[in-house]
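FYI, the numbering for the sequence shown is 1 to 179, going by UniProt numbering.
We treat Cβ as the ideally placed atom computed from N, Cα and C, and that holds for glycine.
No experiment lies behind these values; they were computed from the predicted model shown.
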Amino acid sequence: MKKAEFGSYVAMFRDGLTAVGVLEAVQRYPVQMKCLFVNGEKALTATDMESLFQIIHSKRGSNAFQEECRTLTFWQDYLQDTECVSLEDILVFFTGCDNIPALGFSPKPSLEFINHSRFPVANTCDNILRIPLHASYTAFKHDMDFGDWRLPTSCIIIYPTKYNISPNGYIHMRNITPG
């Protein structure tokens, strides 16, 4: 989809919300209307994060597959242990969303493995998180902690309103102070 085409879809969506009075209600009562667009305010858990992903492995039985299985275990441990970054920050890093949308993600998030970087890499358009292969949990944790989870990644689209529309088409209301 081309950028201009996407913009016209967003404009039509906004016009539709305006026509039925929803946009005005969202602007007037953002807290009350938030539940219509996002899941509840339940804090993310490591289990929530693990269940989000479709894991993309190399061919079963290959050396790469064995390395990926080891790294997947490191990833699961990292989600349980992390103190340097919140699970919400990780979610924003690869989806552009700070919570799981009520209807889930489209496309379904995928977890891939990389050996060309020591740090995590993401594509928010396709909801892909790529994590680095490591031989030890200590090295994995160090590099994951050192990676800047708060930096925006590719394809995040921010509109100049107090509502963010993610690449998935979901509206995300955040407490943004006009500056």
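Rounded separation between residue i and residue j - CA only
i, j, result
"V22", "L133", "46 Å"
"G7", "G16", "14 Å"
"A19", "V10", "14 Å"
"R70", "N115", "13 Å"
"K108", "A135", "28 Å"
"D98", "S106", "15 Å"
"T124", "I131", "14 Å"
"L36", "Q27", "13 Å"
"D143", "R118", "6 Å"
"I56", "P101", "22 Å"
Residue i, DSSP secondary structure in three states
i, result
"G169", "Because G169 carries a pLDDT of 47, less than 50, the predicted location of this residue cannot be relied on, and no value is offered for it."
"L133", "coil"
"F146", "helix"
"A122", "strand"
Cutoff 8 Å; reference residue i; Cβ partners in own chain excluding five residues on either side
i, result
"Y29", "none"
6 Å CB neighbourhood of residue i in its chain, flanking five on each side removed
i, result
"S79", "It is worth fixing the name first, because residue 79 is Leu in this sequence and not Ser. So the list reads A46, M49, once near-sequence residues are dropped."
"C84", "D145"
"A139", "none"
Contacts around residue i, its chain only, beta-carbon distance under 7 Å, and the 5 residues preceding and following it disregarded
i, result
"S58", "A64, F65, E68"
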